[in-house]
Amino acid sequence: MSDLVYVIVVCERGEDFVVLREISDLGEFKETGFRDVLQGQVEDLEAFLEELTKRRLTAVSRVIPVEEFFKFKPEDLLEILKERVRRLVDRIGEGESFCVRVERRGFKGAVSSSELERELGGYVWQFLKDKYGKPPKVDLTNPDKLISIQTIGGLCGIALVDRKLREKYPFVRVK
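Numbering (our numbering), first residue to last: 151 to 325.
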């Protein structure tokens, strides 16, 4: 059996119990303690997304792939993210556009999504500029590579989400 892949499934308002029941055969899913947000593990991301497409589950609002989860304290999050994001940046090719998106659940007032996006975006921009010797492209609406950071209480998930995946599966969306 291969390594499991993490996903966050965001449901339409009040539909998390329905979705949990409907997708329970596709992987291991659980509630997160945040309304309409499920956390899961699946064996194969593409197969999971294909099956969701076939089932046409209208109660599934969004699916967010997560490559890695880790625990954090708000005061340490930026430094931890710089370290973790650096691993993702190597997969952004020369000439490819990027952006950083942070979706915070919990720690209101202690963690600022927009502040993290600015700090990490600047960090990634500088890293890519140094790597390729020219300023990288930033595209805040439809980047080639989207660095997704999702917090669920004291748990943080990160992933590099490719535009092709977002175009193939419209419910793969990061706010």
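Beta carbons: idealized from backbone N, C-alpha and C, even for Gly. These numbers were taken from a predicted model, which means no experiment stands behind them.
| Asked | Found |
| --- | --- |
| Option nearest residue 303 by Cα separation, candidates 177, 183, 172 and 179 | 183 |
| Contacts around residue 165, its chain only, beta-carbon distance under 6 Å, and the 5 residues preceding and following it disregarded | 209 |
| For residue 158, three-class secondary structure by DSSP | strand |
| C-alpha gap between residue 255 and residue 282, whole angstroms | 35 Å |
| Sequence ranges, alpha helix (DSSP H) only - wholly within the segment 178–248, length at least 4 | 195–205 and 227–239 |
| Within-8 Å CB hit, residue 272 to chain C | Among the chains of the structure shown, chain C does not appear; only one protein chain is present. |
| Stretch pair the segment 268–279 + the segment 217–237: three plus CB contacts closer than 8 Å | yes |
| Contact belief for residue 321 with residue 202 at Cβ below 8 Å, rounded distance in angstroms | 7 Å |
| Spatial neighbours of residue 263 in its chain, beta-carbon cut-off 7 Å, leaving aside the 5 residues before and after | 252, 253 and 254 |
| Sub-8 Å separation of residue 172 and residue 207 beta-carbons | yes |
| Environment of residue 291 [buried if 16+ CB atoms lie within 10 Å] | exposed |
| Residue interval of the alpha helix (DSSP H) (run including residue 279) | 263–282 |
| Within 8 Å, strictly: CB atoms of residue 159 and residue 188 | yes |
| Spatially closest choice to residue 285 from 245, 204, 186 and 205, by CA coordinates | 245 |
| Inter-residue spacing [alpha-carbon to alpha-carbon] between residue 309 and residue 257 | 21 Å |
| Beta-carbon spacing of residue 269, residue 228 below 8 Å | yes |
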